[in-house]
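Counting from 78, one number per residue, gives the positions in the sequence shown under our numbering. Glycine residues also receive a C-beta, built at the ideal position from the N, C-alpha and C atoms. Everything below concerns the one structure shown next.
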Amino acid sequence: MTSHETTDSAPARSRTHDRQPGPEAPEPHGMSGLDMLRATLKGTLPDASIMSTMSFRLTDVAEGFVAFEGDPGDHLLNYMGTVHGGFLATLLDSALGSSVMTRLPAGTTYATVQLGVHLIRPVLADTPTLRCEGTALHVGRTTATAEARVIGTHDGKLYAHGTTTCAVLRP
78 MTSHETTDSA
88 PARSRTHDRQ
98 PGPEAPEPHG
108 MSGLDMLRAT
118 LKGTLPDASI
128 MSTMSFRLTD
138 VAEGFVAFEG
148 DPGDHLLNYM
158 GTVHGGFLAT
168 LLDSALGSSV
178 MTRLPAGTTY
188 ATVQLGVHLI
198 RPVLADTPTL
208 RCEGTALHVG
218 RTTATAEARV
228 IGTHDGKLYA
238 HGTTTCAVLR
248 P
């Protein structure tokens with residue numbers, strides 16, 4: 078049997094991923110990071126494509142703070158039957174970097190140079206929505222740091238937490 082065949086006990090499953098183009102967006106380069114994320118939340122700028130690919134969304138934005146919510150599912154399972162840790166790492170990396178982004182002026186970007194992830198408990202395909210909140214701790218002229226936590230919206234338990242160091246890239 079090849080890896081693409083199924084057995085009677087394991088029927089074929091499929092997941093269709095369609096990404097719709099976002100609304101016509103203004104040129105974001107004249108916008109601060111906070112304004113860009115607020116425009117994304119409002120729907121005037123499109124989401125980052127990774128968000129629809131991995132089933133998560135931006136839900137809250139303020140200066141130095143962002144929140145994303147993600148929906149685990151069987152499309153994210155690893156060989157052990159649990160949601161791949163990369164899903165949690167992606168939620169964390171998105172919240173960490175975006176929290177830094179909220180404190181950057183127009184024309185300034187960032188790049189993650191260090192990502193620390195601590196996975197606390199397993200996530201299963203049927204785990205309800207998880208919320209990841211990121212907070213910028215320091216945003217300086219050349220570096221920034223942030224921390225984030227992934228909490229279950231259904232049980233309030235900590236699923237993962239992480240930190241980042243970012244390079245601040247000024248024009």
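For residue i, count the other beta carbons within 10 Å of its own beta carbon; 16 or more makes it buried, fewer makes it exposed. Which is it?
| i | result |
| --- | --- |
| Thr179 | buried |
| Arg218 | exposed |
| Thr230 | exposed |
Could you confirm whether any beta carbon from chain D is found closer than 8 Å to the beta carbon of residue i?
| i | result |
| --- | --- |
| Thr222 | Among the chains of the structure shown, chain D does not appear; only one protein chain is present. |
Please identify the residue among the options whose C-alpha is closest to the C-alpha of residue i.
| i | options | result |
| --- | --- | --- |
| His195 | Thr220, Asp203 and Ile228 | Ile228 |
| Val216 | Glu210, Arg247 and Asn155 | Arg247 |
| Glu140 | Ala223, Cys243, Gly233 and Thr130 | Ala223 |
| Val200 | Val138, Ala221 and Phe164 | Phe164 |
| Asp203 | Gly233, Ala183 and Asp151 | Asp151 |
| Thr186 | Asp137, Ala221, Leu122 and Asp232 | Ala221 |
| Cys209 | Gly158, Leu122 and Asp170 | Asp170 |
| Thr159 | Tyr236, Thr241, Val245 and Thr242 | Tyr236 |
| Thr121 | Ser129, Ala183 and Asp112 | Asp112 |
Whole angstroms is fine: what's the gap from residue i's alpha carbon to residue j's?
| i | j | result |
| --- | --- | --- |
| Val143 | Ser176 | 5 Å |
| Leu114 | Ala89 | 38 Å |
Below 8 Å on the Cβ atoms is my contact criterion, and I expect residue i with residue j to pass it. Report the Cβ-Cβ distance as a whole number of Å.
| i | j | result |
| --- | --- | --- |
| Leu181 | Ser109 | 7 Å |
Would you be able to state if there are at least three C-beta pairs under 8 Å between the stretch 190-197 and the stretch 146-159? no
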